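What follows is a short report on a single structure.
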RNA sequence: GGAGGCGUAGCUCAAUUGGUUAGAGCGCUGCCCUGUCACGGCAGAGGUUGCGGGUUCGAGCCCCGUCGCUUCCGCCA
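Numbering (my numbering), first residue to last: 106 to 713.
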């Protein structure tokens with residue numbers, strides 16, 4: 106250490122150990138807690154590295170001035186490290202075997218009364234924690250999350266380099282893209298009436314780097330989308346591990362990502378990680394078996410289709426739906442026939458809450474069947490259910506009958522709810538899977554027109570041949586998602602790098618060449634000058650850290666997050682700007698009609 | 001944009017379901033305490049029950065409006 110750095114400390118709080126006994130040291134940090142015995146005073150002093158106990162004897166000259174300090178005051182202590190007596194060792198503290206006997210002290214930064222406690226979790230409301238984020242970040246949990254985040258990111262960089270990837274930066278001020286989420290716009294001063302957009306993702310740039318011949322790209326990329334928040338979605342901005350590779354097939358991308366994910370999740374967690382290769386589940390199969398395209402494989406329950414059994418059933422609630430083109434889906438739960446009536450009533454209520462007309466069920470007890478619907482079913486039908494669902498005594502099966510998409514969705518929610526209520530979710534593991542074979546096109550439910558179902562840049566499976574010869578709705582894309590514990594970490598795709606196939610795909614959706622040239626001119630033009638086959642993926646860094654930190658909310662792994670209304674309560678963003686700034690940008694603000702007029706101060710008008 | 005939930009001390013919550021002076025823990029202020037580590041003990045300050053209106057003999061509680069926070073839906077190529 107240089108002499109300059111010793112002005113404030115010769116060692117860090119959490120790194121003092123038994124080897125420092127009898128040494129004279131100097132430490133600086135925050136007063137974490139005070140235990141004042143009238144005579145002797147104990148202070149826990151905290152810095153980024155941890156806590157150390159400081160002992161202050163009443164004989165010390167600075168003893169009197171102690172009274173003015175509050176918790177979280179920043180102080181510097183000089184003193185000697187001594188071993189604690191056997192009875193006073195604190196095994197909960199990494200520095201619990203020693204303590205610092207203070208000989209001198211200096212106040213470096215005073216603190217006002219705190220809006221919430223640092224040392225104890227006092228369940229402060231989130232808006233306060235966000236307003237005083239610098240205090241919240243002093244707390245152990247958040248601090249650990251942020252350290253974890255930094256370590257994960259630096260490990261990603263090491264591993265990606267090792268896998269042959271090269272790190273790039275791409276522009277933050279770019280152009281507004283017609284597809285996707287709402288853009289954040291930045292007005293141009295030099296070009297009146299024109300706007301930059303912050304990138305929703307560096308999608309086109311990374312593809313252009315492939316065309317430029319860089320072969321393997323990665324970036325810890327900030328992405329900006331003006332969309333509303335969810336628990337796992339921070340509004341405004343978030344980070345992706347953006348990846349793109351040239352001369353690869355889908356399997357090459359999977360292999361690289363599996364190696365990275367396995368490495369990261371094993372390094373930063375003790376939980377079990379899915380063995381490679383991760384299971385690959387087609388979109389169709391996922392929708393059938395799990396009722397969603399991001400299945401939580403920790404949940405052992407699966408959904409089966411039993412429509413056939415009820416095609417000609419006397420039970421109209423089911424056969425009627427099937428005859429109209431709908432489906433009957435079933436979830437079997439083994440060994441829960443002893444659940445009380447209330448459990449089944451609650452499940453029916455739940456299904457109705459998520460939009461189902463009802464929830465049929467059959468309880469297979471050893472001697473008899475208990476069920477509100479069994480009286481409508483024939484012996485043959487019940488026998489078929491037994492075979493199809495491989496029923497044993499004690500099992501229960503639940504039924505949902507709706508149009509296909511709705512049935513899948515409701516059955517999926519019922520599957521999740523059953524596993525949650527019955528505590529069937531496997532613990533201490535990360536279950537990864539790939540969802541593959543997404544459809545290239547789908548019908549717009551409102552206009553009934555054919556539209557891209559994911560993104561227009563994916564290569565259709567079968568290439569031009571499929572586009573020309575197949576029913577568009579039957580064409581699959583080289584489009585995939587990676588899912589962990591029911592959280593979608595990322596979408597990715599093998600890109601469509603052939604201009605003629607791109608034009609054809611857009612044509613199927615009703616767009617001419619001009620539209621493609623206008624909307625994606627930069628990229629389509631580049632593809633005309635020798636583009637390599639390429640593909641990639643972009644896992645959400647925040648979501649990965651969230652899983653590793655075992656946090657249910659993404660804001661807990663971001664140092665300075667927006668609140669749900671996309672505001673930074675600490676920095677007061679967004680905020681109004683001066684007239685001069687607006688003038689320079691050629692901007693005139695027109696407030697929405699529904700303005701919140703500031704309430705006039707209460708003034709009692711004299712009665713007439 | 002839509003639906004639900006919440007709003008009481010600096011913070012977290014309570015108030016026997018409409019009934020006397022709105023309570024507790026943490027924090028804060030003062031005093032006591034020399035081995036604590038969630039130190040302990042005594043005393044004290046702190047409230048226009050988000051705001052506005054209404055019903056009622058009486059409103060923290062019921063009704064209407066409004067503002068704020070939050071979860072979900074829409075949205076997220």
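Glycine residues also receive a C-beta, built at the ideal position from the N, C-alpha and C atoms.
Remember, predicted model here, so these are calculated numbers, not experimental data.
Quick test of your reading: residue i and residue j, contact by CB under 8 Å. State the CB separation rounded to the nearest angstrom.
i           : j           : result
residue 382 : residue 363 : 6 Å
residue 692 : residue 613 : The Cβ separation is near 40 Å, so there is no contact.
residue 346 : residue 643 : 7 Å
residue 189 : residue 208 : With 8 Å as the limit, residue 189 and residue 208 do not qualify as a contact, their Cβ atoms being about 18 Å apart.
residue 171 : residue 146 : 6 Å
residue 338 : residue 662 : Their Cβ separation, rounded to whole angstroms, is 13 Å, which puts residue 338 and residue 662 out of contact at 8 Å.
residue 520 : residue 396 : 6 Å
residue 302 : residue 290 : 6 Å
residue 659 : residue 317 : The pair is not a contact, with the Cβ atoms about 33 Å apart (cut-off 8 Å).
residue 676 : residue 235 : Actually they are not in contact, since the Cβ atoms of residue 676 and residue 235 sit about 10 Å apart, beyond 8 Å.
residue 678 : residue 250 : Not really, about 22 Å apart at Cβ, beyond 8 Å.
residue 443 : residue 505 : Actually they are not in contact, since the Cβ atoms of residue 443 and residue 505 sit about 23 Å apart, beyond 8 Å.
residue 496 : residue 414 : Between residue 414 and residue 496 the Cβ distance is about 13 Å, and since that is not below 8 Å, they are no contact.
Identify whether residue i lies in helix, strand or coil by the three-state DSSP scheme.
i           : result
residue 703 : Confidence at residue 703 is low in this model, with a pLDDT of 34, below 50, so its placement is unreliable and no value can be given for it.
residue 322 : strand
residue 696 : coil
residue 651 : helix
residue 401 : coil
residue 685 : helix
residue 141 : strand
residue 563 : strand
residue 312 : helix
residue 255 : helix
residue 193 : helix
residue 461 : coil
residue 130 : strand
residue 179 : strand
residue 604 : helix
residue 386 : strand
residue 673 : strand
Which one of the options has the shortest CA to CA distance from residue i?
i           : options            : result
residue 178 : 219, 388, 389, 144 : 219
residue 150 : 208, 159, 451, 308 : 159
residue 418 : 391, 396, 483      : 483
residue 590 : 651, 605, 569, 571 : 651
residue 665 : 441, 240, 195, 180 : 240
residue 434 : 377, 443, 406, 454 : 406
residue 276 : 268, 328, 230      : 328
residue 427 : 372, 252, 243, 507 : 507
residue 523 : 495, 223, 415, 401 : 401
residue 516 : 439, 411, 587      : 411
residue 297 : 689, 143, 230      : 689
residue 559 : 571, 549, 568      : 549
residue 420 : 256, 152, 487, 649 : 487
residue 513 : 127, 409, 358      : 409
residue 635 : 119, 278, 243, 351 : 351
residue 252 : 155, 361, 446, 683 : 155
residue 603 : 181, 231, 568, 588 : 568
residue 308 : 342, 334, 319, 348 : 348
Which residues in the same chain as residue i place their Cβ atom closer than 6 Å to its Cβ, once the five residues preceding and following it in sequence are excluded?
i           : result
residue 599 : 355, 564, 583, 640
residue 478 : 465
residue 385 : 539, 541
residue 518 : 459
residue 237 : 220
residue 167 : 210
residue 585 : 539, 541, 597
residue 695 : none
residue 330 : 286, 305
For residue i, which beta-bridge partners are listed by DSSP?
i           : result
residue 639 : 351
residue 595 : 587
residue 148 : 139, 159
residue 335 : 338
residue 578 : DSSP lists no partner for residue 578.
With a threshold of 7 Å on Cβ separation, who are the neighbours of residue i within its own chain once the five nearest residues in sequence on each side are excluded?
i           : result
residue 273 : 314, 322, 324
residue 449 : 466
residue 194 : 201, 202
residue 646 : 258, 325, 344, 345, 346
Taking 7 Å as the cut-off, is the C-beta of residue i nearer than that to any heavy atom in the ligand COA?
i           : result
residue 649 : With respect to the ligand COA, the structure offers nothing, as it holds no ligand at all.
Between which residues of its own chain and residue i is the CB-CB distance below 8 Å, once the five residues before and five after are set aside?
i           : result
residue 121 : 130, 132, 157, 186, 200, 203, 205
residue 247 : 241, 661
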